[in-house]
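Novice: If you're matching positions, the sequence shown starts at 626 in our numbering and goes up one per residue.
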Amino acid sequence: MIFGIFGCRCFSVRTFGGIMTKSYSYSKIDQFRKCPRQYRFNHIEKATVEKPVSVEIFLGSAVHRALEKLYKFKINGRIQPEEEMLADYHKDWEGPDRDRIKVTREHMGIDDFIDTGARALKKYYEMYHPFDEGEIIGLEKNAGFPLDPANRFMMRAKLDKILLRGDGVVEIIDYKTQSRLPTQQDLDNDLQMALYQHAVNFLWPQFDKIELKQIYLRQGIAMSTVMSRDKLDELKQDAINLIYEIEQAGRDDYFPVRESALCDYCPYFELCPAKRHRQALDDEAADVLDPETGRELAERYLKLNYEKKKIESEMKALKEDIVGYCDKTEMNRLDAVTGFLKITSTEKEGFPTKTEDNQAFIKISQLAREAGLDECFKLEPNVLFKDLYAGKKLDDALMEKLSKFVRKKRSDTIRTNYKIDQ
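(1) Comparing C-alpha positions only, which one of Met752, Gln809, Lys953, Asp736 sits nearest to Val851?
(2) Cα separation between Lys1026 and Ala864?
(3) In its own chain, which residues sit with a C-beta less than 8 Å from the C-beta of Arg723, not counting the 5 before and 5 after it?
(4) Keeping to the same chain, check which residues put their C-beta closer than 6 Å to that of Asp1020; ignore five residues upstream and five downstream.
(5) With a CB to CB cut of under 7 Å and the five nearest residues on each side skipped, what residues in its chain are close to Val680?
(6) Given a threshold of 16 other Cβ atoms within 10 Å of its Cβ, counted over all protein chains shown, does Leu929 qualify as buried or as exposed?
(7) Going by the CB atoms, is the gap between Leu806 and Glu796 shorter than 9 Å?
(8) Do Cys888 and Ala905 count as a contact pair if the criterion is CB distance below 9 Å?
(9) What separation, rounded to the nearest whole angstrom, lies between the Cα atoms of Gly632 and Ala782?
(10) Between which two residues does the beta strand (DSSP E) carrying Asp785 extend?
(11) With respect to the beta strand (DSSP E) encompassing Arg690, which residues constitute its N-terminal and C-terminal limits?
(12) Please confirm if the stretch 890 to 898 is in contact with the stretch 867 to 879, defined as three or more CB-CB distances below 8 Å between the two stretches.
(13) What number of angstroms, rounded off, separates the C-alpha of Thr978 from the C-alpha of Lys1033?
(14) Please report the straight-line C-alpha distance between Ala1015 and Phe1030, rounded to a whole angstrom.
(15) What does the Cβ neighbour count give for Leu943, buried or exposed, with the cut at 16 atoms within 10 Å?
(16) Using three-state DSSP, classify Lys900 as helix, strand or coil.
(17) What's the C-alpha gap between His732 and Asp740?
(18) Buried or exposed: which applies to Thr802, given that a residue is buried once 16 or more other Cβ atoms fall within 10 Å of its Cβ?
(19) Put Thr918 into one of helix, strand or coil per three-state DSSP.
(20) For the alpha helix (DSSP H) that Val825 lies in, which residues bound it at each end?
(21) Looking only at C-alpha atoms, which of Leu1013, Asp813, Thr1041, Ser938 sits nearest to Val969?
And the structure:
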């Protein structure tokens, strides 16, 4: 029953041990992390758009298919000649998808990327021939595992290669065709690789020596890391927290645009609320949208907002000076020619907000969810702290866990009073 959901690429719900389980993948949560709005277009609205194939993605797929075929021959006792491997690779580019391939880089065409992949495959062939690094356990292996103890979330994964070396170490290998080489620290904290190891641990718990390896094919460089159990658990919790954010975004119907250099590659570019006005300004036929009115409104707002921020910054600094002066002189009223100020300072206990301490906020949110406090998902202070925690309406174990996050918060209020003739 578990493996019935691994091949599904859309959002799905299944039962696992009698519990309703939602299925996620690294690519799915990574898409949300990069741009929640793109996630909504893809997985919730399922927007119908023409989806050209990015040349970088096609390059990666073509190289992966060539290496998969190479090792399938090896498993069956045959070493595929380099020329044959490269011929199969080039043939892959001549398929029906070629017309859909999109190249966004200036001064580069499809043939440039084809040559890049061919050079990468040649480097790999020279590095690993005759391909006897160890016993192959899996190629392009679909796998999955329950992400949380309650089996609410199932994580799907597809592993490029799993290898058992002669020294008993299992290598989880991921091929990379990107041009950027990461740092060792990047690999040591790589969420995707950690999830791959969790999948292997779930499928084969007898494997206790596991090494995570990424092979950067363009550069001909292999990088490896061994993650401790604490690091694996930490990164798994990061994945759970991201899923919590996705679930919360769904409840709030809040999937904001997150603009980045990746926008140029987004298939939903023309639908994006952050891009439509710019497209209308650039399109002379878009008069129906009246883009110039939008431009004028934006310009006026930007000017006023700039002035407002300057005033707010000055007001904030002035308030700090006033509160500091009153603390020092033990005063709570300051008189002026045009009126007077009344200063009130209070100190209350409460939980930190997301802006005050994001890590603490996430942990409190997790505790609330695990306790089934659905009404507290937004962590409204009056509900979680005042009504439940301060009111001692929670069980002792949860009270003790939450007590570690209680903070004393000071609030300073300045009230203005103007003379009547002003």
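From the three backbone atoms N, C-alpha and C, an ideal C-beta is built for every residue, glycine too.
Specialist: Put simply:
(1) For the purposes of this step, residue 851 is identified with residue 226 of the sequence shown, where counting begins at 1. Closest by alpha carbon: Gln809.
(2) Your numbering for residue 1026 matches position 401 in the sequence shown. Your numbering for residue 864 matches position 239 in the sequence shown. It is roughly 22 Å from the alpha-carbon of Lys1026 to the alpha-carbon of Ala864.
(3) Here residue 723 refers to the residue found at position 98 of the sequence shown. Cβ neighbours of Arg723 within its own chain (closer than 8 Å, five residues either side excluded): Ile735.
(4) Position 395 of the sequence shown, counted from the first residue, corresponds to residue 1020. Take Asp1020, set aside five residues on each side of it, and no residue of its chain has a beta-carbon closer than 6 Å to its own.
(5) Taking the first residue of the sequence shown as 1, we reach residue 680 at position 55. Within its own chain, the residues whose Cβ lies closer than 7 Å to the Cβ of Val680, once the five positions on either side in sequence are excluded, are Ile726, Lys727, Val728, Ile735, Phe738, listed in chain order.
(6) Counted from its first residue, the sequence shown places residue 929 at position 304. That one is exposed.
(7) Position 171 of the sequence shown holds residue 796. Position 181 of the sequence shown holds residue 806. Contact: no.
(8) Mapped onto the sequence shown, residue 905 falls at position 280. Mapped onto the sequence shown, residue 888 falls at position 263. Contact: no.
(9) By one-based count along the sequence shown, residue 632 stands at place 7. By one-based count along the sequence shown, residue 782 stands at place 157. With a pLDDT of only 32 at Gly632, under the threshold of 50, the placement of this residue in the model should not be trusted, and no figure is reported.
(10) For this step, residue 785 is matched to residue 160 along the sequence shown. Run containing Asp785: 778 to 789, per the beta strand (DSSP E) assignment.
(11) Taking the sequence shown and counting its residues from 1, the one referred to as residue 690 is at position 65. Segment 680 to 700 is the alpha helix (DSSP H) holding Arg690; no beta strand (DSSP E) there.
(12) Flag = no, the stretch 890 to 898 and the stretch 867 to 879 do not touch.
(13) Residue mapping note: residue 978 aligns to position 353 of the sequence shown, counting from 1. Residue mapping note: residue 1033 aligns to position 408 of the sequence shown, counting from 1. For Thr978 and Lys1033, the gap between their C-alpha atoms comes out near 12 Å.
(14) The residue labelled residue 1015 in the question sits at position 390 within the sequence shown. The residue labelled residue 1030 in the question sits at position 405 within the sequence shown. If you take the alpha carbons of Ala1015 and Phe1030, they lie about 13 Å apart.
(15) Residue 943 sits at position 318 when you count from the first residue of the sequence shown. Taking all protein chains in view, the Cβ of Leu943 is surrounded by fewer than 16 other Cβ atoms within 10 Å, so the residue is classified as exposed.
(16) In the sequence shown, the residue the question calls residue 900 occupies position 275. Coil, per DSSP.
(17) Within the sequence shown, residue 732 is the residue found at index 107, counting from 1. Within the sequence shown, residue 740 is the residue found at index 115, counting from 1. One C-alpha to the other measures close to 15 Å.
(18) As a first step, residue 802 must be located in the sequence shown, where it is residue number 177. When all chains shown are included, Thr802 counts as buried.
(19) On the sequence shown, residue 918 is found 293 positions in, with the first residue counted as 1. Helix, per DSSP.
(20) Looking up residue 825 in the sequence shown gives position 200. For Val825, the uninterrupted alpha helix (DSSP H) run begins and ends at 816 to 828, by DSSP.
(21) Locating residue 969 in the sequence shown gives position 344, where the first residue counts as 1. In the sequence under discussion, the amino acid at residue 969 is Thr, which differs from the Val named in the question. Closest option to Thr969, judged by alpha-carbon separation, among Leu1013, Asp813, Thr1041, Ser938: Thr1041.
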